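Enquirer:
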Amino acid sequence: MKDPEMAVPHLFRCPISLDLFTDPVTLCTGQTYDRSSIEKWLAAGNLTCPVTMQRLHDPSVVPNHTLRHLIEQWLQLSCEAGGMIDPDRGLIALRHSLESPESTLADKVHTLRRIQVLSAESPLKCAAFLRLGFLPMLLELIFGYAESRAPSAPSPDHVHFVDQALSCILKLLDLGELQCLNMLKEQSKLSSFLALFEHGTVTTKISLCRLVETMSSSFQTKELFTMLGHRFQLIRGMILLLHQKPEVSEAAIKAISSLCSVESIREILLREGLINGLLAYILHAKTQERASAAPLGMRLLEHLLGIEKAKEAILDEPQGITSALVKTLFRISDLEGSDSAVNSLILLCYDSSEAREAALKAGALTQLLLLLQSQCADTTKTKARMLLKLLRSSKRTTNKKHA
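With the numbering used here, the residue at position 317 of the sequence shown is 1080, and numbering never jumps.
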């Protein structure tokens, strides 16, 4: 009989006790431990993460409800199967299909679709795919192609393969294991990533933007994230995506927002035309189709205006961006974006008479009065009154000069 102890997936074992989790909790480093084990570790005076040995800037722990739910599902299935769960045989066959040189691209696409169906059925299946090494294998299959492969005219099957594989990778990354992405630090794989971004389909570019955004969420991939952010080819491509249709531009704005968290990358983005890209994004977001996307651009612009170098870049050409902000001041479907627009206009208009003039010409006074009559938050109304006062004062000063 199979030993049930050996059947416990390693993802379900505490790294300290090596036993099945009973109360999984996560540290600020992203590592998960059983509560009793990590509390003993911290009580002994240790101020580091046992796995990564990083110093803990915050020793508090957060319950890992996702992992607890996975374990509960696994235990339930184990009981129903009499303690003899062995789901690996079918999954290993799927892996063999993907790795076999005898499998055609069409076969591999079919296998990837099967993986997506199984992953959607249960989070437990995703954990099993991770345990069996599907994530590094898929990354190798996508980014391990020889650079000599012509990217200009890929076959339809190859396009489908790349898109399906990236979709599977993103699904598996939801459960962690982000350190697997560090294989992309190899020059050949980094070049493959950039080539895919430049020559890939719209779906491929959306997935790669999501991959960059995911990298920003973990200390383990910080170096890789920074490496990618200093590739001008990638930065220029992402800014161009801000002009594209909604699903593309929204993936790009999220990736760019994460890249802006690094000062050196933020400076590159500004030099490569981020402000013009943001202007296009905000103006296009005024359509009903993209009304829900406006807060993404608004929040990024508001963030940039709080940084002196970025603010200077915006103030060099305040006319267009000011007009765009005024157009989004009052939008019944997007009062969250209105709050960011008010904050951004205050920051712009406070230091620039040209920005104040542009705001007045664009009808800011009327938009602010409409906003004050809306159901927006009290804090937004307070800021709107401040901006209204500033613009009215500027208008009176201008009228006196012309009198």
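We put the CB at the ideal spot given by N, CA and C, even for glycine.
Keep in mind that this is a model prediction, so the values were computed, not measured.
Could you tell me whether the Cβ atoms of L901 and I932 are closer together than 7 angstroms?
Expert: Contact: yes.
Enquirer: For Y1113, count neighbouring Cβ atoms within 10 angstroms of its own Cβ and tell me buried if that reaches 16, exposed if not.
Expert: Exposed, by the Cβ-count rule.
Enquirer: If I'm right that T1143 touches D1079 with Cβ under 8 angstroms, what's the distance once you round it to whole angstroms?
Expert: T1143 to D1079, Cβ: 28 angstroms. No contact.
Enquirer: Do the region 984-1002 and the region 1018-1037 make contact, defined as three or more Cβ pairs closer than 8 angstroms?
Expert: Segments in contact, yes.
Enquirer: Leaving out five residues before and five after L938 in sequence, what residues of the same chain have Cβ atoms less than 7 angstroms from its Cβ?
Expert: Here the set comprises C889, A890, L893.
Enquirer: Taking the alpha-carbon positions, what's the V975 to L1059 distance?
Expert: Whole-angstrom Cα-Cα distance: 17 angstroms.
Enquirer: Do the CB positions of L1153 and S1107 come within less than 7 angstroms of each other?
Expert: Against a cut-off of 7 angstroms, the Cβ pair of S1107 and L1153 comes out as no contact.
Enquirer: Of the choices E949, I1070, L833, whose alpha-carbon is the least far from that of Y903?
Expert: Residue identity differs from the one stated: residue 903 is Glu in this sequence, not Tyr. Per the Cα distances, E949.
Enquirer: For T825, which residues does DSSP report across the bridge?
Expert: It should be pointed out that residue 825 corresponds to Val in this sequence rather than to Thr. Bridge partners of V825: T789.
Enquirer: Grab me the residues of K871's own chain with a C-beta within less than 6 angstroms of its C-beta, minus the 5 sequence neighbours each way, in chain order.
Expert: Answer for K871: L861, F924, listed in chain order.
Enquirer: Within the region 1081-1143, note down every full alpha helix (DSSP H) run reaching 4 residues or more, in order along the chain.
Expert: Counting only runs of 4 or more, we get 1081-1090, 1098-1114, 1116-1124, 1127-1135.
Enquirer: Which residue's Cα is closest to the Cα of D920: R876, E1120, D786?
Expert: Comparing Cα positions, the closest option is R876.
Enquirer: Roughly how many whole angstroms lie between the Cα atoms of K1158 and L1004?
Expert: Straight-line Cα distance between these residues: approximately 38 angstroms.
Enquirer: Check the DSSP bridge columns for L783 and list the partner residues they point to.
Expert: Note: L783 sits in a beta bridge opposite R776.
Enquirer: Can you tell which of T1145, T967, L1022 has the C-alpha that lies nearest to the C-alpha of E1010?
Expert: Looking at the Cα atoms, T967 is the closest of the given residues.
Enquirer: To which residues of the same chain is V771 closer than 6 angstroms at the C-beta, ignoring the five residues directly before and after it?
Expert: Once the five neighbours on either side are set aside, the close Cβ partners of V771 are L783.
Enquirer: Report the three-state DSSP secondary structure of D797 (helix, strand or coil).
Expert: Looking at D797 - three-state DSSP - the assignment turns out to be strand.
Enquirer: How far does the alpha helix (DSSP H) with F960 in it extend, from its first residue to its last?
Expert: Looking at the DSSP string, the run of the alpha helix (DSSP H) that includes F960 is 950-962.
Enquirer: Please report how far the alpha carbon of L774 lies from the alpha carbon of E884, in whole angstroms.
Expert: Looking at the two C-alpha atoms, the distance is approximately 19 angstroms.
Enquirer: Just grab the DSSP bridge partners of T811 for me.
Expert: R818, per the DSSP bridge assignment.
Enquirer: Using only CA atoms, which one of E1071, L1064, L935 lies nearest to I1084?
Expert: Among E1071, L1064, L935, the Cα nearest to that of I1084 belongs to L1064.
Enquirer: Under 8 angstroms by Cβ, that's how I've got K803 and S882 pegged, so tell me the actual separation to the nearest angstrom.
Expert: Their Cβ separation, rounded to whole angstroms, is 35 angstroms, which puts K803 and S882 out of contact at 8 angstroms.
Enquirer: Using 8 angstroms as the cut-off, can you tell me whether the region 815-824 makes contact with the region 792-802, which would need three or more C-beta pairs spanning the two stretches below that distance?
Expert: The region 815-824, when compared against the region 792-802, does touch it at the 8 angstroms Cβ threshold.
Enquirer: Can you list, in chain order, the residues of its chain whose CB lies under 6 angstroms from that of Q1170, leaving out five sequence neighbours each side?
Expert: Because the chain in this structure spans residues 764 to 1166, residue 1170 falls outside the shown range and cannot be described.
Enquirer: Alpha carbon to alpha carbon, how far is Q1130 from K952?
Expert: Near 50 angstroms, if we compare the C-alpha coordinates of K952 and Q1130.
Enquirer: What does the Cβ neighbour count give for L810, buried or exposed, with the cut at 16 atoms within 10 Å?
Expert: Exposed, by the Cβ-count rule.
Enquirer: Does P787 pass the burial test, meaning 16 or more other C-beta atoms within 10 Å, or should it be called exposed?
Expert: By the neighbour-count rule (16 or more Cβ atoms within 10 Å), P787 is buried.
Enquirer: Measuring straight from C-alpha to C-alpha, what distance separates P899 and I878?
Expert: For P899 and I878, the distance between alpha carbons rounds to 15 angstroms.
Enquirer: If you reduce the DSSP assignment to three classes, tell me which class R1062 lands in.
Expert: Helix at R1062.
Enquirer: Taking C-beta to C-beta, are E1035 and I998 nearer than 7 angstroms?
Expert: Result yes, Cβ atoms of E1035 and I998 sit closer than 7 angstroms.
Enquirer: Give every residue of the same chain whose Cβ lies closer than 7 angstroms to the Cβ of L987, excluding the five residues on either side of it in the sequence, and list them in chain order.
Expert: Answer for L987: L944, N945, L947, K948, M978, listed in chain order.
Enquirer: Quick one: Cα of K1163 to Cα of R1119, how far?
Expert: Using only the alpha carbons, I get a separation of about 16 angstroms.
Enquirer: Can the beta-carbon of I1077 be found less than 7 angstroms from the beta-carbon of I1038?
Expert: Yes, these two residues count as a Cβ contact at 7 angstroms.
Enquirer: How about A1125 and S1086: are their beta carbons less than 7 angstroms apart?
Expert: Yes; because the gap between Cβ atoms is below 7 angstroms, this pair is in contact.
Enquirer: Do T785 and N827 come within 7 angstroms of each other at the CB atom, strictly closer than that value?
Expert: No, these two residues do not count as a Cβ contact at 7 angstroms.
Enquirer: Taking the beta carbon of M1061 as the centre, do at least 16 other beta carbons fall within 10 Å, making it buried, or is it exposed?
Expert: With 16 or more other Cβ atoms within 10 Å, it is buried.
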